[in-house]
Amino acid sequence: MKGQGSANGSDGSGGYDLVVVANRLPVDFSVGADGEVDWQRSPGGLVSALEPVMQGNDGAWVGWSGAPDLAHEPFEADGMMLVPVTLSASEIRKYYEGFSNDTLWPLYHDVIAPPTYHRQWWEAYRRVNQRFAEAAASQAARGGVVWVHDYQLQLVPKILRDLRPDLRIGFFDHIPFPPVELFQQLPWRRSILEGLLGADLVGFQRGGDASNFVRAVRRLTDHPTRGSVVSMDSDDGSPGRRVRAAAFPISIDTAKFDELARSPEVQARAKEVRADLGDPDVVMLGVDRLDYTKGIRHRIKAYGEILQDGRIEAANTTLVQVASPSRENVGAYQELREHVESLVGRLNGEFGEIGHSAIHYLHHSYPPEEMAALYLAADVMLVTSLRDGMNLVAKEYIAARSDLGGVLVLSEFTGAADELAPGPLLVNPHDIDGMKDIIVTAAHMDPKEKRRRMRRLRRKVMGDDVAKWSKSFLGVLTAMPTRDTHV
Ligand code: F6P
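For the sequence shown, position 280 matches number 484 in my numbering, and the numbering has no gaps at all.
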């Protein structure tokens, strides 16, 4: 039955050797006027990382279609079996917008926005995690590997282990894991930890996230820990599984992005972008989902003050801010949008002229070709997140700059800063005066120093691509002793 979708025996006879479980499928669904469901591939980082391993391993991907009440049979796309999980409109409100993005997201990002705790949201989260786990259990081959992704699905490893003890289970957390002093606010903290401990390997972006997790396990559960290993001994004291927590910093498809940015079309488009902007002396760029964790307000404030102080000439400078729409039904995101748009309006009113805007604010998503052209057109890239698991925009900017031009200004509070220092100019986005000084330094940096820094950054980024990341995670996971050998 291999490669035949959901028609597996409940013990995993048949089924897929590698099953990825993520909140979203790597496709976008649309329903036509005639009610017909259609889909297109969505080119995300995760899918480019996993596609080759999935194709080489007989893989299936379990995830949500992105639309309410959309039921669809498993189907094949580019050598992967895609298995849609259906969510009702109410589950989207409570599990996705509610518990995932209005409870866990702010809590895991240093409570930049206040997390909301609702028991009904938690119930929906539990129910939906159960559904994802059941879908994965029905797809995985006996002794297969299941790789669960991100904060939306933290209960899946434990539910899955109870359903299918024969599986090797990995979990990767794409966002920060908070210090226990914050994590312990969560009324369901113990269930979340037990959920994650259903995995054999729990991966994080930074060593600090892995340590936060192990400290939370030590403080809030009875499981003994030793270094980065948690012992799941049984109540009678007999030794059980070992769970390992470790850092696996994610990356992008660096070679592909590099190649894209070198293409004549993208090079020409970058020149066109600069010309359309009026060929200013300095083009600054911010590229983010419109999310309060990204420090967009802090960045615009610092930029506005620099123009006000006259440290950079307003008539010869432009900030292009791409802010792609995100989670638009969540209140904190709606407030952020209003705030950012009023800041942009104020600054353009004050410093704009006919034919020149201080900020070009673009509330859209763009394809990779356009992003690569924007990166090439930008003298200064501003990544000023207040907290960020990794920040792949920083890595894309570096991968695009084979010309060794451009300066990366990078927040200390990103996973990328842990990896990339000392190449970028590091900033604390809460320190507006400090950030202003760094932005001015970046805008005036001499080409030799730019080249020296970018060369160093590229040495780091070009060697660490996303295929290496998935290979390294799966390598560690599959090399771990199975339950039978270490009990
Ligand atoms: O990295 C965090 C994350 O939630 C990813 O899981 C997702 O790809 C991205 O941010 C965008 O979020 P959403 O799926 O909520 O639009």
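From the three backbone atoms N, C-alpha and C, an ideal C-beta is built for every residue, glycine too.
- If you look at glutamine 409, you'll find it isn't in any alpha helix (DSSP H); DSSP assigns it neither H nor E.
- Rounded to whole angstroms, the gap between the alpha carbons of lysine 475 and glutamate 573 is 13 angstroms.
- In the displayed model, phenylalanine 375 falls within a strand according to three-state DSSP.
- If you draw a straight line from the Cα of glycine 514 to the Cα of tyrosine 570, it is about 32 angstroms long.
- Histidine 353 counts as buried, since at least 16 other C-beta atoms from the protein chains shown sit within 10 angstroms of its C-beta.
- Under the three-state reduction of DSSP output, histidine 567 falls in the coil class, being neither helix nor strand.
- For the pair proline 278 and tryptophan 265, the Cα-to-Cα distance works out to about 9 angstroms.
- Judged by beta-carbon spacing, alanine 582 lies within the 8 angstroms limit of glycine 610, meaning their Cβ atoms are closer than that value.
- Glycine 348 sits buried, since 16 or more C-beta atoms from the chains shown fall within 10 Å of its C-beta.
- Residues His313, Asp314, Ile316, Tyr496, Thr497, Lys498, Gly499, His502, Ser615, Phe617, Pro633 and His634 of the same chain have their beta carbon placed closer than 8 angstroms to that of leucine 590, with the five preceding and five following residues left out of the count.
- Taking a cut-off of 5 angstroms from the heavy atoms of the ligand F6P, the residues with a C-beta inside it are Asp354 and His378.
- Note that the C-beta distance between tyrosine 579 and tyrosine 601 is below 8 angstroms.
- Taking the C-beta atoms as reference points, glutamate 532 is found no nearer than 8 angstroms to glutamine 525.
- Beta-bridge partners assigned by DSSP to arginine 493: Ser528.
- Between valine 447 and the set Ala340, Ile504, Ser292 and Arg365, the nearest pair of CA atoms involves Arg365.
- Between the alpha carbons of aspartate 650 and aspartate 669 lies a distance of about 29 angstroms.
- About 11 angstroms separates the Cβ atoms of threonine 425 and valine 418, ruling out a contact at the 8 angstroms cut-off.
- Secondary structure at phenylalanine 279: strand, using DSSP grouped into helix, strand and coil.
- For isoleucine 456 against isoleucine 504, the beta-carbon gap comes to about 26 angstroms, at or over 8 angstroms, which does not count as contact.
- Distance from the CA of alanine 271 to the CA of arginine 657, rounded to the nearest whole angstrom, comes to 44 angstroms.
- Here the alpha carbon of isoleucine 396 sits roughly 6 angstroms from the alpha carbon of glutamine 358.
- Counting the other CB atoms within 10 Å of its CB gives glutamine 343 a total of 16 or more, which places it among the buried residues.
- In the DSSP assignment, methionine 284 falls within the beta strand (DSSP E) that extends over 284-289.
- By the 16-neighbour rule on beta-carbons within 10 angstroms, alanine 527 is buried.
- Looking at the DSSP output, leucine 629 sits in a beta bridge with Val613.
- Per the Cβ contact rule, the stretch 637-647 is not in contact with the stretch 324-344 (fewer than 3 Cβ pairs under 8 angstroms).
- Spanning the alpha carbons of serine 246 and valine 231 requires a straight line of approximately 5 angstroms.
- Taken atom to atom, the span from the alpha-carbon of glutamine 356 to that of isoleucine 363 is near 14 angstroms.
- Counting the other CB atoms within 10 Å of its CB gives alanine 293 a total below 16, which places it among the exposed residues.
- Under the three-state reduction of DSSP output, arginine 335 falls in the helix class.
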